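Inspection log for the structure reproduced underneath, given as structure tokens.
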Amino acid sequence: MQHIWASLRRVLIGFSLASLFGITLGFIIGLSQKAYEQLHTLCQIFRPIPPVAWIPISLLWFGITDAQQYFIIFIGVLFPILFNTLQGVHSVSSQYKLVAQALGARRFLLIRRVILPAVLPRIIFGLRSGVGYAWFIIVAAEFVSAPNGLGYLILEGRNMIITERIFVGMITIGAINLFFHYFLTKFENWIAPWRKIAFIF
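Residue numbers for the sequence shown follow this note's numbering, so the first one is 19 and each next one is one higher.
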């Protein structure tokens, strides 16, 4: 249980920070044409960098601490959430916006009643993708720089030639990720039942 809680805590904190930052930044960039033109290219530069490539520099910045694990998860989860939110906001039909404005909708009401409902399925998809990335990343990070966690458990099983520990770690990761995926799917069906669309990151 110690290893499960250690990994789960790191994933939840890193994922939560990335979700908050990614959704907020996605709306800011998507709603402003000027910000979109200036920041979209910059985001595209950092997007293809593998999260594990940040491990060496994160160790220099944070040392072998939980903060280093949070940072790696944050970086890896940020871009699926950011780009799904950004593209969702930016691709909302201008006709919907014009009709809402013609009916007297101010900016806040336009975002709340038109843009947000249209973007919600993309946001949820970004969150589902992010959870999967988070577990992939935390295992790799714990291989390198953690005194506990499911990644550490798998590595310890390999070093001690205990196959059972390796399988326990792998199956536990899969089961937890399946729970997150199920929860987010149910959440999407509840909060945005009007649209069921598959997106590709």
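Think of the CB as a built atom: it goes at the ideal place given N, C-alpha and C, for glycine as much as any other residue.
As the structure is a computational prediction, the values presented were derived from the model and not from experiment.
Between the alpha carbons of residue i and residue j, how many angstroms are there, rounded?
i, j, result
"Phe219", "Leu78", "In this prediction, Phe219 scores a pLDDT of 46, lower than 50, which makes its location untrustworthy; the coordinate-derived value is nonetheless stated afterwards. Near 30 angstroms, if we compare the C-alpha coordinates of Leu78 and Phe219."
"Asn166", "Ile133", "43 angstroms"
"Phe92", "Ala71", "13 angstroms"
"Tyr170", "Gln62", "32 angstroms"
"Ala164", "Thr83", "8 angstroms"
"His58", "Gly187", "38 angstroms"
"Phe198", "Ala53", "33 angstroms"
"Val29", "Trp153", "7 angstroms"
"Ile73", "Gly144", "23 angstroms"
"Leu138", "Asn207", "11 angstroms"
"Leu49", "Tyr200", "31 angstroms"
"Arg146", "Pro135", "18 angstroms"
"Ile156", "Pro98", "16 angstroms"
"Val107", "Tyr88", "27 angstroms"
"Val100", "Gly94", "Looking at the sequence shown, residue 100 is not Val but Leu. If I take the Cα positions, the gap works out to 11 angstroms."
"Gly44", "Ile180", "45 angstroms"
"His21", "Arg183", "11 angstroms"
"Ala229", "Gln56", "This structure cannot settle anything about residue 229, because the visible part of the chain is limited to 19 through 219."
"Gly81", "Phe161", "15 angstroms"
"Arg140", "Ala193", "24 angstroms"
"Leu60", "Ile209", "32 angstroms"
"Tyr151", "Leu128", "32 angstroms"
"Ile191", "Thr103", "27 angstroms"
By a C-beta neighbour count over all protein chains shown, 10 Å radius and 16 as the cutoff for buried, is residue i buried or exposed?
i, result
"Leu96", "buried"
"Ser109", "exposed"
"Gln51", "exposed"
"Arg65", "exposed"
"Asn177", "exposed"
"Pro211", "exposed"
"Leu38", "exposed"
"Thr42", "exposed"
"Pro69", "buried"
"Phe126", "exposed"
Am I right that residue i and residue j are in contact with their C-beta atoms under 8 angstroms? What's the rounded C-beta distance?
i, j, result
"Ser25", "Leu196", "At roughly 15 angstroms, the Cβ-Cβ gap does not stay under 8 angstroms, so Ser25 and Leu196 are not in contact."
"Ile142", "Phe185", "So it is not a contact: roughly 31 angstroms between Cβ atoms."
If I follow the unbroken alpha helix (DSSP H) through residue i, where does it start and stop?
i, result
"Ile189", "181-209"
"Asn177", "168-177"
"Thr83", "Neither: Thr83 is in no alpha helix (DSSP H) and is coded neither H nor E."
"Val132", "Counting along the chain, Val132 falls outside any alpha helix (DSSP H), and DSSP gives it neither H nor E."
"Val110", "Unbroken run through Val110: none, as it is neither H nor E."
Against chain B, does residue i count as a neighbour if the rule is that its beta carbon must be under 8 angstroms from one of theirs?
i, result
"Ala159", "Absent from the structure: chain B. Only one protein chain is present."
Would the beta-carbon of residue i be found less than 7 angstroms away from any heavy atom of the ligand PLP?
i, result
"Ile90", "Judged by which ligands are present, the structure shown has none, so any question about the ligand PLP falls away."
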